[in-house]
Amino acid sequence: MSFDTLGLSTELLQAISDSGYTEPTAIQKQAIPVILSGKDVLASAQTGTGKTAGFTLPMLQRLSEAKEHGEKKRVRALVLTPTRELAIQVGKSVETYGRHLPLKSVVIYGGASFNPQITKLRDGVDIIIATPGRLLDLVKKKNADLSAVEFLVLDEADRMLDMGFIPDVREIVSLLRKRRQNLLFSATFSQDIRKLAGGILTKPVQIDVAVRNTSPHEVRQEIHLVNMEHKQSHLSYIIGSRRWEQVLVFTTTKLSADELSKQLRLDGLKTETIHGDKTQGARARALEGFKEGRVRVLVATDIAARGLDIDKLPHVVNYDLPKVAEDYVHRIGRTGRAGNEGLALSLVSHEEFGLLKDIEKLIKHTIPQVETHDEWAVPAPESKSKRVARPSGQNRGKSNYKKSHGPKKKSDATRSKSRGQRSRKR
Ligand code: AMP
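If you number the sequence shown the way this note's numbering does, the last residue is 431 and the count never jumps.
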């Protein structure tokens, strides 16, 4: 199926072709015609499914079809996102897909200076992409008028809920005109999300392309049982020996992100960190460096990494397991995107067996466990369940790190493999 059959205008089809897309993704196939028909949509779609284009393309089309009244542009579409990074990425998509259309947009987020945002608003825009807090600030200071908004998108609504933004979202929605089209995207559909949707959407068409609570099938998953104190050395070894050039590493706390980055740098790996305490500028620079290949390892906390759009990210590492099982699915969704195969590797210590059990229950399968080296391995409790061990040493290359820390004798690796295969209690 090609994009031609979805009812998009030639300007948009041209922009799609400029982006090199040949076939719509599942969410795009389902959402685009429904949104073009003017209906509200409640969609379950994770990042990486192509959801941004799924709502941006029909939004741009609806805006360019409808007639504008008056001299000055009024804000007709509003996209709310939980994080600055996501707002910036959606803003880029709006620009990319709308490049052949005369529509103007502005991205509004906190932690950046007010003036450029205010200037753009004064000049007149059709579309605002914003995080809720800063937008409310600007509305209260009379710098933004939302009364003509006829198209509302709540992107990653579950994350807005987790981050405590729902009161702000409700306040913003109360400022919009009643007759409008609403879209709500969320990776999960909890009771709270349904309640939020109930108050905002009108007779929504429900679209569900996320394999909910399961892991994306393009992502190969591995577990390495490693003691806490050996995780950092093991990670450096893996990156070096497998010659990974781009890896996103998750940690649960800002502190461990900083500490890990420091250690990885000491091992000679070009590493940057993004977390909530970093300035917007520092986060943007780190991300740019990573995308451009100057930074080999990007260490991130869950919230900072949410919504990051990094094309064809080949490797994701869970340095520690997330406390909430759903976050595992979000994390590994950063790789294997839009049909590219990816690898998600989790370093698991004794203390984390409970969390691992929760994750495996959620994704409804056992994650294959891979051998680790004897001196690093966690002695695993006996288990009745069988795990399939994959060789961890594929693509082994030359690495100084390996020379000092790698397995010294073949028998070491062999011994640890048999121990790894015994697996832990479940
Ligand atoms: P998203 O889920 O919106 O974050 O998109 C994930 C990635 O898929 C982005 O890098 C998009 O540029 C890319 N993408 C979106 N739609 C398509 C498509 N139809 N074909 C190929 N890549 C796409």
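Glycine residues also receive a C-beta, built at the ideal position from the N, C-alpha and C atoms.
The criterion of a C-beta distance shorter than 8 Å is satisfied by T257 and P327. Listed in chain order, the non-local C-beta contacts of T340 below 7 Å within the same chain comprise V224, L318, P319, H320, V321, G347, L348, A349, local neighbours out to five positions each way being set aside. The beta carbons of M6 and P29 sit closer together than 8 Å. When beta bridges are read from the DSSP output, E227 appears opposite L350. Between the alpha carbons of A48 and L271 lies a gap of roughly 44 Å. Between the beta-carbon of H239 and that of L352 there is about 6 Å, and that keeps the pair under the 8 Å contact cut.
Annotation for A58 indicates a beta carbon within 7 Å of some heavy atom of ligand 1. The beta carbon of T371 sits no closer than 7 Å to any heavy atom of ligand 1. Counting other Cβ atoms within 10 Å of its Cβ, N120 stays below 16 and is therefore classed as exposed. For Q268 against Q237, the beta-carbon gap comes to about 5 Å, under 8 Å, which counts as contact. One alpha carbon belongs to T278, the other to A36, and they sit about 35 Å apart. By the Cβ-count criterion, A71 is exposed, with fewer than 16 other Cβ atoms from all chains shown falling within 10 Å of its own Cβ. Taking the C-beta atoms as reference points, R301 is found nearer than 8 Å to E250. By alpha-carbon distance to D197, the top candidate from Q211, V210, L166, E264 is L166.
The closest heavy atom of ligand 1 lies 7 Å or more from the beta carbon of Y324. By the Cβ neighbour-count rule, D150 is exposed, with fewer than 16 other Cβ atoms within 10 Å of its own. Per DSSP, reduced to three states, the secondary structure at N187 is strand. Setting aside the 5 residues that flank it on each side, Y114 is surrounded in the same chain by R89, A92, T136, R139, each with a C-beta closer than 6 Å to its C-beta; the list follows chain order. Closest by C-alpha distance to R184, out of L206, T284, G338, is L206.
Apart from the 5 residues on each side of it in sequence, A162 sits with its Cβ closer than 7 Å to the Cβ of L189, F190, S191, I198, L201 in its chain, given in chain order.
The nearest non-hydrogen atom of ligand 1 is less than 7 Å from the C-beta of E28. For L361 against E331, the beta-carbon gap comes to about 14 Å, at or over 8 Å, which does not count as contact.
Judged by DSSP secondary structure, A262 falls within the alpha helix (DSSP H) whose first and last residues are 259–271. Relative to ligand 1, Q35 has its C-beta separated by 7 Å or more from all heavy atoms.
Taking the Cα of K97 as reference, the smallest distance to any Cα among V39, S24, S241 is reached at S24. Per DSSP, the continuous alpha helix (DSSP H) segment holding F119 begins and ends at 119–128.
Nearest Cα to T193 within the set E155, T52, A31: T52. With respect to V154, L83 sits close: the two C-beta atoms are nearer than 8 Å.
Exclusion of the five residues before and after L17 leaves L62, L65, Q66, Y102 as the residues of its chain whose Cβ lies within less than 7 Å of its Cβ.
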